[in-house]
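In full-length UniProt numbering, the protein residues as written are 1 to 409.
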Amino acid sequence: MSVDTKTRILVAGTGPVGLISALAFAEAGFGVVLAGPPARADDGRTTALMVPALKFLTRLGVLDALEADAAPLKVMRIIDGTSRLVRSPIVTFRAGEIDEEHFGFNFQNRVLNAVLQQSVEAHPGIEWRRALVENWTTEPHQVTAALSDGTTVVAPLAVAADGRNSPARQAAGISATARTLPQAALVLNFTHSRDHAFTSTEFHTETGPFTQVPLPGRRSSLVWVLRPETAKQFADLDDAALSLRVEHQMQSMLGRVTVEGGRQIYPLSTSLPQRFAQNRIALVGEAAHVFPPIGAQGLNLGIRDVDQLVEMALKHAADPGAQAALAAYDSARRPDILARTSAVNLLNRSLLSDMLPAQLARSAGLNFLGGFSPLRAFFMREGLRPGSGFSSIASSLRSPRRPRDISTE
């Protein structure tokens with residue numbers, strides 16, 4: 001259906017998901033008003049984006065500017081770093097097993113934010129008002145946002161990309177179940193004396209995952225989930241002492257480690273709203289789902305939110321914020337979001353639990369996953385594209401078997 005370019009979509013929030021939302025709706029032909037401050041330039045984290053997300057960024061015309069500062073992820077490995085009685089075997093996932101060159105790329109957030117901001121500023125279909133939404137008013141046929149610069153924006157649809165405590169979500173009357181976790185993520189980058197071979201390693205520890213992800217050269221990013229008091233204690237160490245801690249935790253697999261400056265600590269929590277759209281407001285990114293940093297799911301899930309929201313808006317282009325459009329978006333996103341959040345939260349709880357049944361279940365699952373290649377391939381495909389694992393199984397069942405050629409036997 002053709003889009004009336006006078007139909008303006010309001011996007012609230014200027015993190016990566018908000019900037020991507022603005023670009024996606026503008027590329028689809030909608031007029032866009034983006035509300036929020038300039039993108040963060042001090043975010044020391046990195047983000048691993050999988051192949052489908054990379055293809056989406058290609059459609060938006062931003063991937064070429066990002067690739068020079070990114071590292072491919074060709075191998076992903078899980079190692080049980082606990083000292084418990086029941087330990088899991090090492091599980092290794094190789095992109096080549098599912099005929100992919102790589103699983104995705106790891107980007108520095110400050111670079112990702114800068115490239116997305118430049119693209120938004122250059123797009124003629126986006127009006128960026130560098131102000132926060134101070135008040136929301138939802139009505140049957142429109143939503144109105146009063147901004148901190150004294151202006152207002154009226155739109156048929158508002159995209160809530162305003163984070164885990166989303167004021168837009170509250171204005172829509174959507175309740176969320178939230179929980180503060182006894183964990184915090186210590187985030188930093190480091191150099192190492194051995195080559196990482198484009199391999200990401202996730203050590204499972206009693207306090208959560210310790211995840212090393214490759215960067216260009218002999219550099220890697222680290223997300224180390226600890227108890228909050230331990231995270232602060234480690235962050236206060238000098239460079240030499242913290243470097244030794246990191247190297248020891250990694251079992252020196254990358255040789256000598258030297259941490260870089262700019263350590264940051266992020267408290268962890270979970271959040272899941274009752275629904276994902278209502279009253280002309282649709283939730284994307286952390287407004288729609290928050291969970292611990294396990295398995296590189298966060299922004300990849302947020303990009304799928306944006307992709308499906310734009311798709312639903314195009315199908316209801318005459319009124320993209322209508323109840324039918326929002327109900328379709330909610331139904332489309334629910335299975336993916338619930339499956340990812342449930343899996344990540346379950347795995348995180350199993351790491352924190354000292355109960356023997358939980359340890360046995362995690363060990364048995366990872367043991368089966370590591371030793372049975374068809375199941376491993378299924379999980380790799382599902383990790384990249386929801387539904388693709390099942391599609392692969394169905395395709396193999398439909399493919400006729402070739403008769404054996406016994407003439408040469």
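Beta carbons: idealized from backbone N, C-alpha and C, even for Gly. Everything numeric in this text was worked out from a predicted model, so none of it was measured.
What first and last residue would you give for the beta strand (DSSP E) that runs through residue i?
{"i": "M50", "result": "T46 to M50"}
{"i": "F203", "result": "T199 to T205"}
{"i": "F103", "result": "Unbroken run through F103: none, as it is neither H nor E."}
{"i": "Q183", "result": "A176 to H192"}
{"i": "P228", "result": "Unbroken run through P228 is the alpha helix (DSSP H), P228 to A235; no beta strand (DSSP E)."}
{"i": "R94", "result": "V91 to R94"}
{"i": "A71", "result": "A71 to L73"}
Is the beta carbon of residue i less than 8 angstroms from the beta carbon of residue j?
{"i": "V153", "j": "A161", "result": "no"}
{"i": "T199", "j": "K74", "result": "yes"}
{"i": "Q183", "j": "R245", "result": "no"}
{"i": "A12", "j": "A35", "result": "yes"}
{"i": "I303", "j": "A53", "result": "yes"}
{"i": "S220", "j": "L254", "result": "yes"}
{"i": "A28", "j": "V344", "result": "no"}
{"i": "R77", "j": "I90", "result": "yes"}
{"i": "I265", "j": "A240", "result": "no"}
{"i": "M50", "j": "F103", "result": "yes"}
{"i": "F276", "j": "R333", "result": "yes"}
{"i": "N109", "j": "T46", "result": "yes"}
{"i": "Q308", "j": "Y329", "result": "yes"}
{"i": "L283", "j": "S166", "result": "yes"}
{"i": "residue 435", "j": "L147", "result": "Summary: the structure shown does not reach residue 435, with the chain confined to residues 1 through 409, and so no result is reported for it."}
{"i": "L268", "j": "L346", "result": "no"}
{"i": "A327", "j": "A313", "result": "no"}
{"i": "I20", "j": "L116", "result": "yes"}
{"i": "R179", "j": "D195", "result": "no"}
Go through its chain and collect everything with a Cβ distance to residue i's Cβ below 6 angstroms, but skip five positions before and after it.
{"i": "P209", "result": "E202, V225 and I294"}
{"i": "P216", "result": "A71"}
{"i": "G321", "result": "P156, L157 and R280"}
{"i": "Q249", "result": "F210"}
{"i": "G24", "result": "Here residue 24 is Ala; the residue named in the question, Gly, does not match the sequence. Only V306 and V310 meet the Cβ criterion."}
{"i": "R164", "result": "S271, E286 and V290"}
{"i": "V111", "result": "D69"}
{"i": "V223", "result": "A185, V187, T211 and P293"}
{"i": "T92", "result": "R77"}
{"i": "V33", "result": "R8, L10, E127 and V153"}
{"i": "A41", "result": "R110"}
Here's the rule: buried if 16 or more other CB atoms are within 10 angstroms of the residue's CB, otherwise exposed. What is residue i?
{"i": "A68", "result": "exposed"}
{"i": "H141", "result": "exposed"}
{"i": "P403", "result": "Here the model assigns P403 a pLDDT of 46, short of 50, so the residue's position is not dependable, and the following value carries that caveat. That one is exposed."}
{"i": "R263", "result": "buried"}
{"i": "I126", "result": "buried"}
{"i": "E409", "result": "Here the model assigns E409 a pLDDT of 35, short of 50, so the residue's position is not dependable and the matter cannot be decided."}
{"i": "S193", "result": "exposed"}
{"i": "E247", "result": "buried"}
{"i": "S252", "result": "exposed"}
{"i": "G18", "result": "buried"}
{"i": "N135", "result": "exposed"}
{"i": "L10", "result": "buried"}
{"i": "A339", "result": "exposed"}
{"i": "P214", "result": "buried"}
{"i": "S331", "result": "exposed"}
{"i": "A122", "result": "exposed"}
{"i": "D80", "result": "buried"}
Pull the bridge partners of residue i from the DSSP assignment, please.
{"i": "D80", "result": "H204"}
{"i": "A145", "result": "W136 and V153"}
{"i": "I126", "result": "V32"}
{"i": "E219", "result": "This sequence places Arg at residue 219; Glu is not what is there. DSSP output for R219 lists T191 and L215 as bridge partner(s)."}
{"i": "Q278", "result": "I281"}
Excluding sequence positions up to five away, which residues of its chain have a Cβ less than 7 angstroms from the Cβ of residue i?
{"i": "L272", "result": "A176, T177, H289 and T341"}
{"i": "G173", "result": "Q278 and N279"}
{"i": "T82", "result": "H204, T205 and E206"}
{"i": "L242", "result": "F234 and V259"}
Just curious, the alpha helix (DSSP H) that residue i is in, first and last residue?
{"i": "F25", "result": "P16 to E27"}
{"i": "R8", "result": "Where R8 is concerned, there is no enclosing alpha helix (DSSP H), although the beta strand (DSSP E) it sits in stretches over R8 to A12."}
{"i": "S271", "result": "Segment Q264 to P273 is the beta strand (DSSP E) holding S271; no alpha helix (DSSP H) there."}
{"i": "E121", "result": "N109 to A122"}
{"i": "I303", "result": "G298 to K315"}
{"i": "residue 423", "result": "This structure does not reach residue 423, given that the chain is present from 1 up to 409, and the question cannot be answered."}
{"i": "A65", "result": "L63 to E67"}
{"i": "A241", "result": "D239 to Q249"}
{"i": "P293", "result": "Careful: P293 lies outside any alpha helix (DSSP H) and carries neither H nor E."}
{"i": "A171", "result": "P167 to A171"}
Please return the same chain residues whose Cβ sits closer than 8 angstroms to the Cβ of residue i, not counting the five positions on each side in sequence.
{"i": "T5", "result": "At T5 the pLDDT is 47, less than 50, meaning the model places this residue with poor confidence; the figure from the coordinates comes in the next sentence. Result list for T5: G29, F30, G31 and G125, in chain order."}
{"i": "F105", "result": "A48, L49, L54, L66, E67, A70, A71, P72 and L73"}
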